[in-house]
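Protein chains in written order, with the numbering used here: chain A, 129 to 499; chain B, 129 to 499.
Here's the structure we're looking at; comments come further down.
There are 2 protein chains.
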Amino acid sequence: MRAPTIYDLAEKAGVSIATVSRALNAKAGLSAETRDRVLAVADELGYVPNGTARGLSYGATETIGVVVATRSTNAALAEEHESLLFVDAVIRGAERSAQRIGYALLLASIRPRSGWEAAKRMVGRTDGLVVVDRAVSEEAMAWLAARHPVVALAWDSPQGAELVVRIDNVEGTRQLVEHLVVHHGYREIGVVRGPESSPDATARWQTVERLAATLGARIVGTWTGDFSAASGERVARTIGRSGAPLPRVLMCMNDQMAIGVLKVLAAQEIAVPQEVAVTGFDDIIVSRYLSPGLTTVRQPAEELGAMAVSSLFEAVRGTHLALREMVLPTELVVRSSCGCAPQPWYVASHEATDPAPSPAPAGMVGITAMA
Amino acid sequence: MRAPTIYDLAEKAGVSIATVSRALNAKAGLSAETRDRVLAVADELGYVPNGTARGLSYGATETIGVVVATRSTNAALAEEHESLLFVDAVIRGAERSAQRIGYALLLASIRPRSGWEAAKRMVGRTDGLVVVDRAVSEEAMAWLAARHPVVALAWDSPQGAELVVRIDNVEGTRQLVEHLVVHHGYREIGVVRGPESSPDATARWQTVERLAATLGARIVGTWTGDFSAASGERVARTIGRSGAPLPRVLMCMNDQMAIGVLKVLAAQEIAVPQEVAVTGFDDIIVSRYLSPGLTTVRQPAEELGAMAVSSLFEAVRGTHLALREMVLPTELVVRSSCGCAPQPWYVASHEATDPAPSPAPAGMVGITAMA
DNA sequence: TAACATCACGAAAGCGCTTACTGGTAAGCG
DNA sequence: CGCTTACCAGTAAGCGCTTTCGTGATGTTA
């Protein structure tokens, strides 16, 4: 049972295929009766347009590709899942945005030893690509960007990408450090850093270092994790074993490591925030459900994805866009792990359940032409 | 700058387009020199095949669509994210499986008031569809399945779907109840149920009810949530306000509700598991990082996605498949919220960090012909 | 050496659609 | 009344690829 084509519709409606096409695409220059007749037949036959044929003829796929990285080589390991929370949110945002403009979303994941063939193939199947968080090498990025509209997401300044969409790590970190040092008066800071390879981790750490000096606090120790909760655990146990006094606050460069740290501290019955305060970065979903609730910096992951797709769309549509960088704002989220009083119940309840109006989509903090 | 086509390659290599096509697709009947010459030219020009043209000519898109639901109407609300954890894992598994067979993955989300147009459109752009967790209505499912290969994931027996892939809720629940009643000897069980509309929730609840009776335990109360952590909070506060004595164990029909419950209990300084034990279902990522670690039942979400795609592929390829149902096994995950001793550190560490060999992909517990 | 199989490649059809271009009819105008 | 214009709808080209069929060259057999 072959799927019906416009030829079938044309025959059944007694018109030409051109007319069918015009009716289906709501083009002008068709009488209302003809249009309705065609649409009725289409409905009756359960017609669905063939996307490949349409794309070939129209000259555009109306599809946008999202390229993400799956760092772990082992699909069954927890660390893979963990590191992907951010990516999942980005994908959701991208899908939402794509659907709004009538585009489809094609997904490809780059695995450690898989090479970037999957990304390459997407060039011939999409109108543009969103490459998330260094999913491919610089060279691959340059290759892709040379022949396809590409936006780099959460990636500072890759070669060739027309567009960069990222968050304002500096401002988010600044607010957090200020809260800890100025508001709480903490003077001794321990830092759980992220992987060297991560631009986010680097930007956050450099800001902590710079601001701590400025504000009169001291970095009393740094440890390096890989952004996974497991690495947070490892770091916390290392600190415990060292016998050195705990810093007054442990700033973790993302939430997942903070979660690992909190778990170790709870097991060792070290009171948070009384003995040591702990903070994260990202505001992943569960952070609010930890005890104590994790003070962190919210990163608009969905908005990033949505913004990437919509700017890509404009780049494809619009005549041509200047090289641009979009920086989305972050937001300090104060819960109780920093030493602030726990929120009263109704607040927590409100936060989690209230169908309050959506916060306006994160606006752009700055759009700067890149040199 | 137009993208190079096989015509460009043909001209530059001095052969016909047929030969180019044969070289690119590694077809037989080509001399090695010719093949290499064509491939060299393709490489030089940075050729990427046009997927739409290929699909149109070849008669298959080599794409599989995944249709998921986004229940929340408000993209910015936490509940949306929460309910999607499972879906994210499914998508990852599906993508992995698709990539392995050289397929692309197209993603569409059905939003509350968006209708199922997005799913309909996918029929013309894919070779098959995976519909997750009642993302579309029964009628829509029937419509889709009537004209496209469709597999229903985590959805009992929709009209028309050729394939159903789901987990063994009954066995997972059975193990959990047995652990609580037989091993721990708990006799008074409170149940935090999921939404009526969820087949998973229903299957789990019915199993609890049946087994409790069989094993001599009593259901001392049931409350209904909507699978979100926020609803878990609400339920826990309701229980607290009621003044009634706590059941010895609160079985939550998924992890997210358990997380909400745990948060309230922690805030009210009710000791878990000493005063009340708490369990979940799903084994989402963070469950192991809670204090106490959440005892739950692991649901192989990624495997579900992978299995759905690979069976769909076989259904498309193979001559024709009988109606089938695939049931993936669940696994009881004992942590400390049930009253078991906390795992020694090295175990937790191992669980989270060790690059141990992947557990064998979950095998099928049963493949049964559906009537 | 004739007859025939095999091999390597080219010519051309066609996948289902969009979109110029074209034409035919009715209305509007001087 | 002859002409232009507007409105509808049909004809046909072509998007970039795969694949069938055909053909000349080469190798094989009696």
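Note that CB positions come from ideal geometry on N, CA and C, so glycine has one too.
Please read these numbers as outputs of a predicted model, since none were measured by experiment.
With which residues is residue i paired in a DSSP beta bridge?
i, result
"threonine 191 (chain A)", "A:Ala232"
"isoleucine 145 (chain B)", "Answer is none; isoleucine 145 (chain B) lacks a bridge partner."
"serine 237 (chain A)", "A:Val196"
"threonine 333 (chain B)", "A small correction: the amino acid at residue 333 (chain B) is tryptophan; threonine does not occupy that position in the sequence shown. According to DSSP, which records beta bridges pairwise, tryptophan 333 (chain B) is partnered with nothing at all."
"methionine 503 (chain B)", "The question about residue 503 (chain B) has no answer here: the residues shown for chain B are numbered 129 through 499."
"threonine 369 (chain B)", "Residue identity check: residue 369 (chain B) is arginine in the sequence provided, not threonine. Paired residues: none, contrary to the question."
"isoleucine 347 (chain B)", "B:Ile317"
What does residue i touch in chain A if you count any residue whose Cβ is under 7 Å from its own?
i, result
"glutamate 223 (chain B)", "Leu235, Ser237"
"aspartate 216 (chain B)", "Asp216"
"valine 251 (chain B)", "Val176"
"isoleucine 391 (chain B)", "Checking the displayed sequence, the identity of residue 391 (chain B) turns out to be lysine instead of isoleucine. Per Cβ cutoff of 7 Å: Tyr417, Ser419."
"arginine 275 (chain B)", "Ala131, Gly174"
For residue i, return the contacting residues in chain B, with the cut-off set at a CB-CB distance below 7 Å.
i, result
"glycine 183 (chain A)", "Thr180"
"glycine 300 (chain A)", "Ordered by position in chain B, no residue passes the 7 Å Cβ test against glycine 300 (chain A), which lies about 18 Å from the chain."
"glycine 313 (chain A)", "Per Cβ cutoff of 7 Å: no residues; glycine 313 (chain A) is ~26 Å from chain B at best."
"alanine 156 (chain A)", "None at all; the shortest Cβ gap to chain B is about 23 Å."
Residues of chain B with CB under 8 Å from residue i, in chain order?
i, result
"threonine 189 (chain A)", "Gly179, Thr180"
"alanine 128 (chain A)", "Because chain A in this structure spans residues 129 to 499, residue 128 (chain A) falls outside the shown range and cannot be described."
Does residue i pass the burial test, meaning 16 or more other C-beta atoms within 10 Å, or should it be called exposed?
i, result
"alanine 469 (chain A)", "exposed"
"asparagine 178 (chain A)", "buried"
"asparagine 153 (chain A)", "exposed"
"alanine 434 (chain A)", "buried"
"aspartate 164 (chain B)", "exposed"
"serine 325 (chain B)", "exposed"
"lysine 155 (chain B)", "exposed"
"isoleucine 412 (chain B)", "buried"
"histidine 276 (chain B)", "buried"
"valine 475 (chain B)", "Confidence at valine 475 (chain B) is low in this model, with a pLDDT of 36, below 50, so its placement is unreliable and no value can be given for it."
"tyrosine 231 (chain B)", "buried"
"arginine 313 (chain B)", "Strictly speaking, residue 313 (chain B) in this sequence is glycine, with arginine absent from that position. Exposed: under 16 other Cβ atoms inside 10 Å."
"alanine 206 (chain B)", "For alanine 206 (chain B), the predicted model reports a pLDDT of 47, less than 50, meaning its position is unreliable and no value from the coordinates is stated."
"proline 240 (chain B)", "exposed"
"glycine 157 (chain A)", "exposed"
"glutamate 431 (chain A)", "buried"
"methionine 129 (chain B)", "exposed"
"leucine 366 (chain A)", "It is threonine, not leucine, that sits at residue 366 (chain A) in the sequence shown. Exposed: under 16 other Cβ atoms inside 10 Å."
"alanine 222 (chain B)", "buried"
"glycine 183 (chain B)", "buried"
"tyrosine 186 (chain A)", "exposed"
Sort the options by Cα distance to residue i and report the nearest one.
i, options, result
"arginine 445 (chain A)", "A:Gly467, A:Glu403, A:Thr191, A:Pro240", "A:Thr191"
"leucine 167 (chain B)", "B:Trp333, B:Ala340, B:Gly142, B:Val455", "B:Gly142"
"leucine 460 (chain B)", "B:Glu453, B:Cys466, B:Thr424, B:Glu442", "B:Thr424"
"alanine 357 (chain B)", "B:Ala372, B:Gly349, B:Val414", "B:Val414"
"valine 462 (chain A)", "A:Leu418, A:His307, A:Arg376, A:Tyr135", "A:His307"
"methionine 269 (chain B)", "B:Arg365, B:Trp244, B:Thr189", "B:Trp244"
"valine 196 (chain B)", "B:Tyr175, B:Arg182, B:Met250, B:Ile145", "B:Met250"
"threonine 162 (chain B)", "B:Ala289, B:Ser185, B:Ser149", "B:Ser149"
"glycine 349 (chain B)", "B:Ala329, B:Ala331, B:Gly183, B:Ser370", "B:Ser370"
"glutamate 397 (chain B)", "A:Ile219, A:Ile387, A:Pro420", "A:Pro420"
"glycine 300 (chain A)", "A:Pro323, A:Asp328, A:Ala226", "A:Asp328"
"arginine 506 (chain A)", "B:Leu257, B:Arg376, B:Arg220, B:Glu267", "Lying before the first or after the last residue shown, residue 506 (chain A) is absent from chain A, which here runs from 129 to 499."
"alanine 395 (chain B)", "A:Ala341, A:Arg416, A:Leu233", "A:Arg416"
"serine 237 (chain A)", "B:Ala247, B:Ala246, B:Ala226, B:Ser242", "B:Ala226"
"threonine 330 (chain B)", "B:Pro401, B:Trp283, B:Val437", "B:Trp283"
"glutamate 267 (chain A)", "A:Gly256, A:Thr254, A:Ala247", "A:Ala247"
"serine 285 (chain B)", "B:Leu418, B:Ala222, B:Gln303, B:Ser265", "B:Ser265"
"serine 159 (chain A)", "A:Val169, A:Thr133, A:Thr147", "A:Thr147"
"arginine 376 (chain B)", "B:Asp354, B:Glu403, B:Arg338", "B:Glu403"
"aspartate 171 (chain B)", "B:Ala386, B:Asp136, B:Gln427, B:Gly193", "B:Asp136"
"leucine 343 (chain A)", "A:Leu257, A:Glu316, A:Thr254, A:Val279", "A:Glu316"
"phenylalanine 409 (chain A)", "A:Ala345, A:Val336, A:Glu442", "A:Val336"
At a CB-CB cut-off below 9 Å, which residues of chain B make contact with residue i?
i, result
"alanine 246 (chain A)", "Gln227, Ala232"
"alanine 405 (chain A)", "Per Cβ cutoff of 9 Å: no residues; alanine 405 (chain A) is ~17 Å from chain B at best."
"alanine 357 (chain A)", "Ile413, Val414, Arg416, Tyr417, Ala480"
Taking residue i as the query, report the chain A residues whose CB atoms sit under 9 Å from its CB, ordered along the chain.
i, result
"tryptophan 271 (chain B)", "Gly174"
Give, in chain order, every unbroken run of the beta strand (DSSP E) that is at least 3 residues long and sits entirely within the segment 397 to 471 of chain A.
405 to 407, 424 to 426, 452 to 456, 459 to 461
Where in the segment 239 to 318 of chain A do unbroken runs of the alpha helix (DSSP H), each at least 4 residues long, occur, reported from the N-terminal end onward?
245 to 251, 266 to 275, 297 to 306
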